[in-house]
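Engineer: Mind having a look at this structure? Questions to follow.
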Amino acid sequence: MTPDQPNPSTTLIRMRRQLRTIAARVRVLLLARSLLLVVSVFVAGLLLLGLADFLLRLPSGVRMLSLLGVLVLIARLVHRSVLPALRTRLRDTDVALMIERHDPALRGLLASAIDLEHEEEDRSYPDERETHALREAALRTASRRLEQARIPSVLRPRVIVPSMLSTTGVLITVLMLALLSPLMLRVGAQRVLTPWVDARWPVRYAIYDVTTRDPRAADVPVPLRALVGRSTSSLDDTTRTLVNWRVLDEQGDAIGEWSRTLLMPQGKRDAEQSIPIYEQLLDVRDRVARRPESQRFTLEYSIRTRDDRTGTRRLMLVRPPRLTETSIILELPEYAQVIAGSGVVSSGTVSPEQGEARITPVLAGTRVRARWAFSKPIAESEDVPSWISAISGMGDVLAHEFDTDSSITIELIASHPGIIEPTIRDRNGVPVREPITLALEVIDDLSPGVRLTEPVRDESLSANAVVELKAELSDDLGLTSARLLAQVSSPPAGSSGAPPEPRGDPVTIHSQQIDNLSRSQIGATLSLESLDLAPGDEVRVWAMAWDLRATPSDALLGSAESATRVLRIVSTEELVEQVRRSLDPLRSNLRSLDERQGEVQELV
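Residue numbers for the sequence shown, in our numbering: 64 to 667.
So this is what it looks like as structure tokens:
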């Protein structure tokens, strides 16, 4: 090759640059068309899903599955369209053949020129100069015609126009929704893209089910409550609100068909949200009446208005626990054991047939042990129940325990009257329907009553007089003993006019044991001569009685005294003078009567 000859690789390099530029455009167009297709399908899928949700109010689970389906479809499109476009690597020969198929003037020329270059690299010819000249001429011809050729339709941007139109269409739809109803678009996007979020379509009569999810008793109508509307809704703007419901047994089988009931407007608003309240009672008693007592049930229901509805919700229904047995044991204080079973106060075992029991009288200090048994396991609490704390004023609560899973026992020392009202619930939180009360009429052990009946009053007597002493005794529970006592008092020696002072200890005139009687008497004759008395002395007499509380260690425990009578000792002359003075009014009355009788006789 001579220096003035053109370099054959320059033509080839220019032609290859042209082919590679065309290959890059093909790759960009393929990738753009694939991406536009994916975007249009994704947005259209979300719009269709949002429309279906708006019309059908799809549950969150269905929305989540639908979103997952759209994402799977997009993943398949990316795998089958976008990824191949990204991985596309066109060879010069492939581009040349593509151009030849769309331009007959280059057919058989462009690809042959590229192949001719490859053959030159692989093979050698005898007349290399002549061969090189021929190859160069072919390359120049191919390069010139390539520059003059029309761009094939596959390389023109209009190949992505259908994809652009579809993408533009769905984007315009989204833009129109954003302009006409941005709230609807935002809610729809939240419900479709984040189905686990509690986003709700804006409606006029929105439903907010505020019924608690706690288990309910199956023996009473089940209350349902919902808030319908908005806080700005008028109470007069009511709407037809229906609840569809049915009852399932423990196996999930329906008991009866679906029922439809109206939720009734209550004419008032919720305190927190100011939304009108709708309520209704669902009577499930007929459906569960013939089922086993231990069986649980499920209430399924959904609520709907003209433009909103809730999903199907469930409430557990259980029968409340029944009181099957009540046992009350009363143990009297140790000192009162002797009257146990006498009927004076309540003692022993009491078994009321109903839940409400009243025991009277109960002696203060009695140990009360009450046990209630129920038809099913009841809820246990680690903390002290409020009803236990409420009875602390009745006495000392010794224990409260759940001796079995379906019974409870309390034990206390009764000191004040009161009512025990156990609040019992089963393990589902359903309370016992039958009222349970235990009223204890606690009475105190009163001191004995002692009344000295003889002598009736204070008297003045001679030192050798004989006095009759009598006393009446009583006690609410029982008497154990009684005494008549006397105390001699004498004036101090050499102190004329001073009051008498006790002389020695009181003297027991008579003592008597009493066999736990509530009423008794004691009497004795007192000879004053035996007390070595002198005029001016005084003898004070009284009676004492002891009840069941009496103990040898404390002489005053359980005792009571009567009023004291004073016997004053006088001389015989003073006694006669006192009698005479006491008879003077009588003598005056007789003399006056005699004079009036004489006057009457003179008149006659």
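The beta carbon of each residue, even a glycine, is placed where N, CA and C say it ideally should be. From a predicted model like this one, the values you see are computed outputs, not experimental measurements.
Grab the span of the alpha helix (DSSP H) containing A241 for me, first residue to last.
Structural biologist: It spans 224-243 - the alpha helix (DSSP H) in which A241 sits, taken as one unbroken run.
Engineer: Among R80, I85, P225, which residue has its Cα nearest to the Cα of S97?
Structural biologist: Considering only alpha carbons, the answer is P225.
Engineer: Going by other Cβ atoms of all chains shown within 10 Å of its Cβ, with 16 needed for buried, is A608 buried or exposed?
Structural biologist: Buried, since its Cβ has 16 or more Cβ neighbours within 10 Å.
Engineer: On the CB-based measure, 16 or more other CB atoms within 10 Å of its CB, does Q343 come out buried or exposed?
Structural biologist: Counting Cβ neighbours within 10 Å, Q343 comes out buried, since at least 16 surround it.
Engineer: Could you name the residues of the same chain whose beta carbon sits closer than 6 Å to that of V133, not counting the 5 residues immediately before and after it, in chain order?
Structural biologist: For V133, where only same-chain residues beyond five positions count, the Cβ hits under 6 Å are G108.
Engineer: With burial defined as no fewer than 16 other Cβ atoms inside 10 Å of the residue's Cβ, what is the status of V663: buried or exposed?
Structural biologist: When all chains shown are included, V663 counts as exposed.
Engineer: Please go through the same chain and pick out, in chain order, the residues whose beta-carbon is closer than 6 Å to the beta-carbon of S129, but skip the five residues on each side of it.
Structural biologist: Counting only Cβ-Cβ distances below 6 Å, and skipping sequence neighbours, we find L112.
Engineer: Check whether the region 472-488 touches the region 420-439, counting contact only when three or more Cβ pairs, one atom from each stretch, lie closer than 8 Å.
Structural biologist: As far as the Cβ criterion goes, the region 472-488 touches the region 420-439, which means the pair count is three or higher.
Engineer: Is the distance from the Cβ of S282 to the Cβ of R348 below 8 Å?
Structural biologist: Correcting the residue identity first, residue 282 is Asp in this sequence and not Ser. Result yes, Cβ atoms of D282 and R348 sit closer than 8 Å.
Engineer: Is the region 418-435 touching the region 494-506 in the sense that three or more CB pairs, one from each, lie closer than 8 Å?
Structural biologist: Yes, since at least three Cβ pairs between the region 494-506 and the region 418-435 fall closer than 8 Å, the two stretches touch.
Engineer: Mind checking whether T571 and L542 have CB atoms under 8 Å apart?
Structural biologist: No.
Engineer: Would the beta-carbon of R279 fall within 8 Å of that of R126?
Structural biologist: Taking 8 Å as the Cβ cut-off, R279 and R126 do not qualify as a contacting pair.
Engineer: With a cut-off of 8 Å, do at least 3 Cβ pairs link the region 386-404 to the region 601-617?
Structural biologist: With the cut-off at 8 Å, the region 386-404 and the region 601-617 touch.
Engineer: Out of S296, V602, I473, which has the shortest C-alpha to C-alpha gap to E522?
Structural biologist: Out of S296, V602, I473, V602 has the C-alpha closest to the C-alpha of E522.
Engineer: Quick check: is any heavy atom of the ligand GTP less than 7 Å from the C-beta of L653?
Structural biologist: Absence of the ligand GTP is noted for the structure shown, with no ligands found whatsoever.
Engineer: Scan the region 253-315 and note each continuous beta strand (DSSP E) run of 3 residues or more that stays entirely inside, going in chain order.
Structural biologist: List check, beta strand (DSSP E) in window: 270-272, 285-291, 305-311.
Engineer: Could you check where the alpha helix (DSSP H) with R350 kicks off and where it finishes?
Structural biologist: Note, R350: alpha helix (DSSP H), 348-351.
Engineer: According to DSSP, what are the bridge partners of D489?
Structural biologist: Paired residues: I441.
Engineer: Between V431 and A462, is the Cβ-Cβ spacing less than 8 Å?
Structural biologist: No, the Cβ-Cβ distance between V431 and A462 is not below 8 Å.
Engineer: In chain order, what residues of the same chain have a beta carbon less than 6 Å from the beta carbon of L594, not counting five sequence neighbours either side?
Structural biologist: Contacts found: V551.
Engineer: Am I right that S544 and Q584 are in contact with their C-beta atoms under 8 Å? What's the rounded C-beta distance?
Structural biologist: 13 Å between Cβ atoms; not a contact.
Engineer: Quick one: Cα of R496 to Cα of I270, how far?
Structural biologist: Between R496 and I270, the C-alpha separation is close to 32 Å.
Engineer: Applying the criterion that 16 or more other CB atoms from any shown protein chain within 10 Å of the CB defines a buried residue, is D116 buried or exposed?
Structural biologist: With 16 or more Cβ atoms within 10 Å of its Cβ, D116 is classed as buried.
Engineer: Whole angstroms are fine: how far does the CA of T84 sit from the CA of E182?
Structural biologist: The pLDDT assigned to E182 is 49, lower than 50, so where the model puts this residue is not dependable; a value taken from the coordinates is nonetheless given after this. Distance between the alpha carbons of E182 and T84 is about 24 Å.
Engineer: Taking DSSP as the reference, what is the three-state secondary structure of S13?
Structural biologist: This structure gives no information on residue 13, because the portion of the chain shown stretches from 64 to 667.
Engineer: What number of angstroms, rounded off, separates the C-alpha of D190 from the C-alpha of M227?
Structural biologist: Residue confidence is low: D190 scores 47 on pLDDT, short of 50, so the model does not pin down where it sits. No coordinate-derived value is stated.
Engineer: With DSSP run on the structure shown, which of helix, strand or coil describes L509?
Structural biologist: Coil at L509, not helix or strand.
Engineer: What residue range is occupied by the uninterrupted beta strand (DSSP E) comprising S537?
Structural biologist: Here the beta strand (DSSP E) through S537 covers 529-553.
Engineer: Between which two residues does the beta strand (DSSP E) harbouring R376 extend?
Structural biologist: It spans 376-381 - the beta strand (DSSP E) in which R376 sits, taken as one unbroken run.
Engineer: Is the region 294-302 touching the region 330-337 in the sense that three or more CB pairs, one from each, lie closer than 8 Å?
Structural biologist: With a cut-off of 8 Å, the region 294-302 and the region 330-337 count as touching, because enough Cβ pairs lie within range.
Engineer: May I ask you to report which of helix, strand or coil DSSP gives G456?
Structural biologist: Reduced to three states, the DSSP call for G456 is helix.
Engineer: How is the alpha helix (DSSP H) around V413 delimited, first residue to last?
Structural biologist: It is not in any alpha helix (DSSP H) - V413 instead sits in the beta strand (DSSP E) that spans 411-413.
Engineer: Just checking my contact of G292 with P339 at CB under 8 Å: how many whole Å lie between their CB atoms?
Structural biologist: Rounded, the Cβ-Cβ distance is 5 Å, consistent with contact.
Engineer: Which runs of the beta strand (DSSP E) at least 3 residues long sit entirely within the region 563-631? Give them in chain order.
Structural biologist: List check, beta strand (DSSP E) in window: 570-590, 601-610, 622-624.
Engineer: Give the DSSP bridge partners of R90, in chain order.
Structural biologist: The partner list for R90 (beta bridge, DSSP) is empty, contrary to what the question assumes.
Engineer: Take S390 as the anchor and find which of A95, I499, R80 has the nearest alpha-carbon.
Structural biologist: Nearest option by C-alpha distance: I499.
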